[in-house]
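K.L.:
One structure is given below, represented as structure tokens, and several questions about it will come after.
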Amino acid sequence: MSGRGIPDLSLYLVTSSELTGRGRLVDTVVAATTGGVSLVQLREPDASDADVVALGRDLVAALAPTGVPLLINDRVHLVEEIGAAGAHVGQDDLDPVKARELIGPDRWLGQSVQTVEQARAAAESGEVDYLGIGPAWPTATKQVTVPPLLPAGVRTIAHATELPSVAIGGIGVDEVPQLRTSGISGVAVVSAICGRLDPRGEATRLRAAWETGIAL
Ligand code: 3NM
């Protein structure tokens, strides 16, 4: 067993430079950490590997003083070069065993799941540290082919394995209270922070909603 433990999943920011503007991505992420974001994933599906490496290195440097870890979406082969804390893979990306071979035993690995069967397969791989369960609600940020799970569906998947999980998809401050009792360890958002002018304020409200169950 490695000593990597489990990342703090309570408020998980997934990036979109399409929403922030490329030049504002790093500032947006750092501002969001001051509002309580606990984990960041660099997700830039349309960027080149070279751009992901450049952005990833900028983010690792900017996040170092905050202590908030950075994970890399899909491009598992770039994790080491970026110096990131781990990777997050989807169902159509590298399988967890191969991803683990690339990142080694000391980094975190997350996987997106839409069904109980996928969650069980992730757990059985023995390599996945946490699950991303979604889409919780309809989302305009990513093309998804499955219907939204809604809180009841999130709960079923969250309870299907021992792995900690976050819900993702269509989550804003108003949705967080409905998810708190679903058995998840936190919520993951893109547009609720990257699409807003005040990322620190939005992160603060999301965190407060997660901790208190009250959406202000
Ligand atoms: N993964 P927003 S939904 C990146 O269902 C991602 O696995 C999803 O964006 C999944 O918070 C999604 O703006 C986009 O709705 C979430």
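At position 36 of the sequence shown the residue is numbered 36 (the UniProt record's numbering), and the sequence of numbers has no breaks. Idealized CB from N, CA, C, for every residue including glycine. Just so you know, these numbers come straight off a predicted model, no measurement behind them.
(1) Once you ignore the five residues that flank Pro148 on each side, which residues in its own chain have a CB closer than 6 Å to its CB?
(2) By how many angstroms is the C-alpha of Ile103 removed from the C-alpha of Arg180?
(3) Tell me the rounded alpha-carbon separation between Lys98 and Ala85.
(4) Skipping 5 residues on each side, what residues in its chain have a beta carbon closer than 7 Å to that of Ala215?
(5) Tell me which residues share the same chain as Arg207 and place their Cβ nearer than 6 Å to its Cβ, disregarding the 5 neighbours each side in the sequence.
(6) Taking the CB atoms as reference points, tell me whether Val166 and Leu9 lie closer together than 8 Å.
(7) Give the list of continuous beta strand (DSSP E) stretches no shorter than 3 residues that lie fully inside the stretch 108-141.
(8) Which of the three DSSP states, helix, strand or coil, is assigned to His159?
(9) Are there 16 or more other CB atoms within 10 angstroms of the CB of Thr28, so buried, or fewer, so exposed?
(10) By alpha-carbon positions, which one of Arg24, Thr34, Leu150 ends up nearest to Asp58?
(11) Please go through the stretch 25-94 and give each complete beta strand (DSSP E) segment of 3 or more residues, from N-terminal end onward.
(12) Please return the same chain residues whose Cβ sits closer than 7 Å to the Cβ of Arg100, not counting the five positions on each side in sequence.
(13) Could you tell me the distance, in whole angstroms, from the CA atom of Met1 to the CA atom of Pro7?
(14) Identify, in the order they occur along the chain, each residue of the same chain with its Cβ nearer than 7 Å to the Cβ of Thr34, setting aside the five sequence neighbours on each side.
(15) Bridge partners of Val166, per DSSP?
(16) Taking only the alpha-carbon atoms, compute the straight-line gap between Ala152 and Val40 and give it to the nearest angstrom.
(17) Taking 7 Å as the cut-off, is the C-beta of Ala192 nearer than that to any heavy atom in the ligand 3NM?
(18) Is there a C-beta anywhere in chain B that falls below 8 Å from the one on Ala167?
(19) Does the distance between the C-beta of Pro135 and the nearest non-hydrogen atom of the ligand 3NM fall short of 7 Å?
(20) Where does Val144 sit, in a helix, a strand or coil, going by DSSP?
P.N.:
Reading off the structure:
(1) Only Pro135, Trp137, Pro138 meet the Cβ criterion.
(2) Their Cα atoms are separated by approximately 31 Å.
(3) Cα to Cα, Lys98 sits roughly 17 Å from Ala85.
(4) Excluding residues within five positions, the ones whose Cβ falls inside 7 Å are Val173, Asp174, Val176, Pro177, Ala209.
(5) Excluding positions up to five away in sequence, the list reads Leu11, Gly36.
(6) Result yes, Cβ atoms of Val166 and Leu9 sit closer than 8 Å.
(7) Those beta strand (DSSP E) runs which fall completely within the stretch 108-141 and span 3+ residues are 108-113, 130-133.
(8) Correct three-state label for His159: coil.
(9) It counts as buried.
(10) Residue Arg24 is the option with its Cα nearest to Asp58.
(11) Runs of the beta strand (DSSP E) inside the stretch 25-94: 39-42, 70-73, 86-89.
(12) Once the five neighbours on either side are set aside, the close Cβ partners of Arg100 are Leu109, Glu127.
(13) Any answer about Met1 is weak, because its pLDDT of 43 lies below 50 and its placement is not dependable; what the coordinates show is given next. The straight-line gap from Cα to Cα measures roughly 16 Å.
(14) Spatial neighbours of Thr34 in its own chain (CB-CB distance under 7 Å, excluding positions within 5 residues in sequence) are listed in chain order as Arg200.
(15) Bridge partners of Val166: Gly132, Gly186.
(16) Looking at the two C-alpha atoms, the distance is approximately 26 Å.
(17) Within the cutoff, so yes.
(18) Within the model displayed, chain B is absent; a lone protein chain is all it includes.
(19) Yes, the beta carbon of Pro135 sits closer than 7 Å to at least one heavy atom of the ligand 3NM.
(20) In the structure shown, Val144 adopts coil according to DSSP, grouped into three states.
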